[in-house]
Amino acid sequence: MSREAFHLLLERYLQNRCTDEEKEIIEKWYGMLDKHDMEDVDSTQVNALEQKLWDRIHESAIVAEGEVPVRQLKSHNRPSRALVASVAAIVAGFVIITAYIFFTGDSKKPEFLAAAVADDINSIANNTLQPMLVNLEDGSTVILQPKSLLKYPKHFSKTIREVTLKGEGFFEISKNPSRPFLVYNSNVITRVVGTSFIVKTNEIANETEVTVKTGKVIVSPNSGSLSFKIDEILKSAKGVVLTPNQKTVYSASENTFATTLVDKPLPIAKNSKQPSKENYSFNDSRVADVLNQLQKSYGVEFVVEDKELYNYTFTGDLSEQNLFSQLDFLCESIQATYQVKETKIIIKEKK
Numbered sequence: 001m002s003r004e005a006f007h008l009l010l011e012r013y014l015q016n017r018c019t020d021e022e023k024e025i026i027e028k029w030y031g032m033l034d035k036h037d038m039e040d041v042d043s044t045q046v047n048a049l050e051q052k053l054w055d056r057i058h059e060s061a062i063v064a065e066g067e068v069p070v071r072q073l074k075s076h077n078r079p080s081r082a083l084v085a086s087v088a089a090i091v092a093g094f095v096i097i098t099a100y101i102f103f104t105g106d107s108k109k110p111e112f113l114a115a116a117v118a119d120d121i122n123s124i125a126n127n128t129l130q131p132m133l134v135n136l137e138d139g140s141t142v143i144l145q146p147k148s149l150l151k152y153p154k155h156f157s158k159t160i161r162e163v164t165l166k167g168e169g170f171f172e173i174s175k176n177p178s179r180p181f182l183v184y185n186s187n188v189i190t191r192v193v194g195t196s197f198i199v200k201t202n203e204i205a206n207e208t209e210v211t212v213k214t215g216k217v218i219v220s221p222n223s224g225s226l227s228f229k230i231d232e233i234l235k236s237a238k239g240v241v242l243t244p245n246q247k248t249v250y251s252a253s254e255n256t257f258a259t260t261l262v263d264k265p266l267p268i269a270k271n272s273k274q275p276s277k278e279n280y281s282f283n284d285s286r287v288a289d290v291l292n293q294l295q296k297s298y299g300v301e302f303v304v305e306d307k308e309l310y311n312y313t314f315t316g317d318l319s320e321q322n323l324f325s326q327l328d329f330l331c332e333s334i335q336a337t338y339q340v341k342e343t344k345i346i347i348k349e350k351k
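If you read the sequence shown in the UniProt record's numbering, its first letter stands for residue 1, the second for the next number, and so on.
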């Protein structure tokens, strides 16, 4: 076991996510420590105690491969509350104080990179000049752009699907609510259940852009420490929630998200393959009805500041135009203007 995997297992123990076999291993590890080692541990002693435990694990592995000679815990002696508290404090200390030693950067890495051996990981680099299609075992696909790198386990876990991306990739994720899909890069973690989206990194500017085509994603900063918990990503409201035709750019240097509409919004696809085709031909229709249809088609929220504009009527065919051209035509006919503000479009009377 690598030192990194050692710390990952300790963190899982703290989170009560270990299997029975893993719990038994950790109890054996602590059986290697003398009783006085566990008493009155403070933050200044955590590193020394961690080193002592690691050295004893390493020595035992050398003495007998696959079998760790430790003092067995007596089944009739339950650990005292003080001992349990000490173990928790020590494990927490490992997480907080020594995390930086075992990770080369500030980014959180998915479990499969920390715990798996190299043979269990697929690493796909697109060194060509053309986009490359990558098929994942769960039915998801990734179109990997040139000069991009994708890493993922040969077999996803039963509870979560994780990959790492360097560069740019267009993801189409097979829907499975019980197994969320997480895309890691150096700046952000993008969480989805079933959707299609693009992740693109600008390494020079230290920025990552996420654009949603279908479905919904949550984008969170990859602040990365061993105290990171998957459950927090899945439940937290700290991240930016994106829906179709929305994008966000995360600046790692500023630790900020800039969220807005995509440059060329498309009608929301009824499936992940083709955009919807709508009839945008209107004859003496109320502006309110025109905007309602556009909002439904594109998933974009319109805010009309001057409510009397709702009662204006519009006649024309907008079918062969993109959203912003449609709005140009509409607003010109009713003497109004519009502007994009974050993910909304504001419409008001022309002054």
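Even for Gly, the Cβ is constructed at its ideal location relative to N, Cα and C. All values reported here derive from a predicted model rather than from experimental measurement.
Assigned secondary structure, residue i (DSSP; H/G/I helix, E/B strand, else coil)
| i | result |
| --- | --- |
| V95 | Low confidence applies to V95: its pLDDT is 38, below 50, so where it sits in the model is not reliable, and the reading given next is rough at best. Residue state, collapsed to three classes: helix. |
| Y298 | helix |
| N255 | coil |
| V262 | coil |
| Y184 | strand |
| K307 | helix |
| E320 | coil |
| E168 | strand |
| A125 | strand |
| V142 | strand |
| N222 | coil |
| V290 | helix |
| K247 | strand |
| K351 | coil |
Beta bridge counterpart(s) of residue i as assigned by DSSP
| i | result |
| --- | --- |
| Q339 | I346 |
| T19 | According to DSSP, T19 bridges with nothing at all. |
| L242 | V217 |
| F314 | S285 |
| R161 | F181 |
| I189 | Y184 and S220 |
| L150 | I124 and L165 |
| K109 | Looking at the DSSP assignment, K109 forms no beta bridge with any residue, so it has no partner. |
Residue i - containing alpha helix (DSSP H), residue span
| i | result |
| --- | --- |
| F197 | Not the alpha helix (DSSP H): F197 falls in the beta strand (DSSP E), residues S196 to N202. |
| F324 | L323 to S333 |
Same chain only: Cβ atoms within 8 Å of residue i, ignoring 5 sequence neighbours per side
| i | result |
| --- | --- |
| V262 | T211, N245, Q246 and K247 |
| F329 | G316, L318 and Q321 |
| Q335 | E349 and K350 |
| Q326 | Y280, L294 and L318 |
| K344 | V300, E301, F302 and V303 |
| S285 | T313, F314 and T315 |
| A205 | S251 |
| E207 | N187, T201, V249, Y250, S251 and A252 |
Cβ pair residue i, residue j closer than 8 Å
| i | j | result |
| --- | --- | --- |
| V300 | P265 | yes |
| K216 | T259 | no |
| K147 | G167 | yes |
| V193 | K213 | no |
| F314 | V290 | yes |
| V188 | Y250 | yes |
| F181 | S220 | no |
| N135 | T164 | no |
| E162 | F112 | yes |
| L144 | I121 | no |
| R179 | F156 | yes |
| I218 | V241 | yes |
Enclosing beta strand (DSSP E) for residue i [first to last residue]
| i | result |
| --- | --- |
| L136 | Taken as a continuous stretch (DSSP letters only), L136 belongs to no beta strand (DSSP E), as it is neither H nor E. |
| E278 | Neither: E278 is in no beta strand (DSSP E) and is coded neither H nor E. |
| V212 | E207 to T214 |
| S174 | Premise fails: S174 is in no beta strand (DSSP E) and is neither H nor E. |
Own chain, CB closer than 6 Å to residue i, minus 5 neighbours either side, in chain order
| i | result |
| --- | --- |
| E305 | K348 |
| Y280 | L318 and S319 |
| P131 | I143 and Q145 |
Sequence-distant residues of the same chain with beta carbon closer than 7 Å to residue i, five excluded per side
| i | result |
| --- | --- |
| E203 | none |
| T337 | C331, K348 and K350 |
| L129 | P146 |
| T159 | R179 |
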